[in-house]
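Have a look at the structure below, then the notes.
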Amino acid sequence: MLRGLAIRRAFVAGERLLALGVVLGVAAWYGDLLRYLPKGKPSVAAAIPIGPDSTAGSLALPKARAEYDSLVASGLFGPAAAAVQEAPAPPPEPDEKDTELRLQLCGTAATSPKDLFATALILNQDIGKVGAFFVGQQVVENVTLEEIHPKKVILFNKNANRREVLRAETAETGQTQMASRTPKPSAPPPPPPGPGNRINLNKTELIQEVVTNYADLVTQVRPELYRDESGNIAGITANNIESVPLAKTLDVRNGDILQTVNNEPIDSQEKIMEIINKYRNSNTFRIGILRDGKPMVITYKLD
């Protein structure tokens with residue numbers, strides 16, 4: 081009986097040793113597993129490989145846009161690639177065509193395209209006549225001068241309902257250059273100034289003289305509006321009008337104030353254009369000027 085009890089105790093001790101061995105084995109296995117697991121939470125920076133020349137925790141910068149053109153063109157990203165927009169194209173230039181009218185630009189003068197005193201010398205080839213035109217003035221029927229530039233003018237052709245460009249001729253064929261090679265016509269000396277001077281002028285010679293001296297006229301003479309003591313516009317004047325030979329022909333002097341044309345007073349900027357358009361084809365002009373504070377009248381007769 082004692083022998084059986086000893087054997088039974090030996091089996092119980094063996095079972096306990098076996099259970100203890102299993103527990104120790106499981107604990108050792110878990111210890112090895114935990115040793116290979118990361119101790120902290122994973123981060124984005126930890127997933128980025130760090131080279132010998134890189135800074136820890138920094139993200140790689142994208143390459144230039146051109147480096148990815150082949151990928152975008154391949155269609156790999158589908159409609160998403162269409163979201164990349166290029167720089168907007170510049171606005172189209174105004175639709176202006178060279179005019180086909182029988183007009184020739186002889187010269188221009190303007191500080192800005194719509195300057196009040198800007199002028200353009202234009203030859204009407206149908207009638208062989210040169211005229212000085214201002215912004216807003218009708219050049220031929222249904223054709224109005226809109227802008228004046230150094231070497232071109234912009235016309236509005238009502239018949240075609242469009243803007244057209246009239247450009248200056250080249251040096252070989254331009255009217256201005258032809259006029260500069262023509263000798264200046266001799267003009268009779270004007271009569272001495274008085275309260276009622278009358279000057280007879282040859283219309284063709286006068287136009288030729290204007291064309292010949294046009295460059296000096298528009299670059300040297302700067303007209304200004306004259307205002308009276310109340311601040312109202314009472315005429316137009318130029319302090320250096322005698323710098324051009326045409327002033328001697330017309331018997332005008334520095335500081336003369338042009339106040340009336342054919343008895344119509346110049347009392348506004350609009351009135352200047354109105355008078356020019358009204359009497360552009362007249363052969364007789366009667367101007368009233370103020371010279372050295374004294375009024376006087378000069379009458380021009382164009383033959």
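With our numbering, the residue at position 75 of the sequence shown is 155, and numbering never jumps.
Think of the CB as a built atom: it goes at the ideal place given N, C-alpha and C, for glycine as much as any other residue.
Using a Cβ-Cβ cutoff of less than 8 Å, which residues in the same chain neighbour residue i once the five nearest sequence positions on both sides are dropped?
i      : result
His229 : Thr188, Ala190 and Pro193
Gln349 : Leu196, Leu305 and Ile313
Gln300 : Asn320, Ser323 and Val324
Ile356 : Phe214 and Gln217
Lys381 : Arg278, Ile279, Asn280, Leu281, Asn363 and Thr364
Gly311 : none
Ile352 : Leu196, Ile316 and Ile346
Pro142 : none
Ala240 : none
When you compare the CB positions of residue i and residue j, do they come within less than 8 Å of one another, or not?
i      : j      : result
Ile321 : Asp331 : no
Arg247 : Asp178 : yes
Pro27  : Ala318 : For residue 27 there is no data in the structure shown, the boundaries of the chain being 81 and 383.
Glu249 : Leu185 : yes
Glu176 : Glu244 : yes
Thr329 : Glu289 : yes
Arg333 : Arg307 : no
Tyr359 : Asn343 : no
Go ahead and label residue i buried or exposed: buried means 16 or more other beta carbons lie within 10 angstroms of its beta carbon, across all protein chains shown.
i      : result
Ile367 : buried
Thr364 : exposed
Leu281 : buried
Gly315 : buried
Ala153 : exposed
Ile378 : buried
Glu147 : exposed
Thr284 : exposed
Ala198 : buried
Leu338 : buried
Glu297 : Strictly speaking, residue 297 in this sequence is Leu, with Glu absent from that position. Label assigned to Leu297: buried.
Ala144 : exposed
Skipping 5 residues on each side, what residues in its chain have a beta carbon closer than 6 Å to that of residue i?
i      : result
Thr224 : Gln218 and Phe236
Glu226 : Ile234 and Phe236
Ile287 : Val210
Lys231 : Ala248
Lys238 : Asn222
Thr256 : With a pLDDT of 42 at Thr256, under the threshold of 50, the modelled position of this residue cannot be trusted, and the question is left open.
Asp347 : Ile313
Gly373 : none
Check for me: the beta strand (DSSP E) holding residue i runs from which residue to which?
i      : result
Glu244 : Arg242 to Arg247
Gly211 : Lys209 to Phe214
Thr379 : Lys374 to Leu382
Leu185 : Leu183 to Ala189
Ala225 : According to the sequence shown, residue 225 is Leu rather than Ala. Residues Val223 to Ile228.
Asn204 : Thr199 to Asn204
Thr317 : Ile313 to Thr317
Val233 : Lys232 to Asn237
Arg307 : Glu304 to Arg307
Val341 : Ile337 to Val341
Leu370 : Thr364 to Arg371
Less than 7 Å between C-beta atoms, sequence neighbours within five positions excluded: which residues of the same chain meet that for residue i?
i      : result
Asp206 : Arg182
Asn293 : Val324, Pro325 and Leu326
Pro375 : Gly368
Within the continuous alpha helix (DSSP H) that includes residue i, where are the two ends?
i      : result
Val220 : From DSSP, Val220 is part of no alpha helix (DSSP H) but of the beta strand (DSSP E) over Gln218 to Val220.
Tyr359 : Gln349 to Tyr359
Glu285 : Lys283 to Thr292
Leu326 : Leu326 to Leu330
Are the C-beta of residue i and some C-beta of chain C separated by less than 8 Å?
i      : result
Thr329 : No chain C is present in this structure, which holds just one protein chain.
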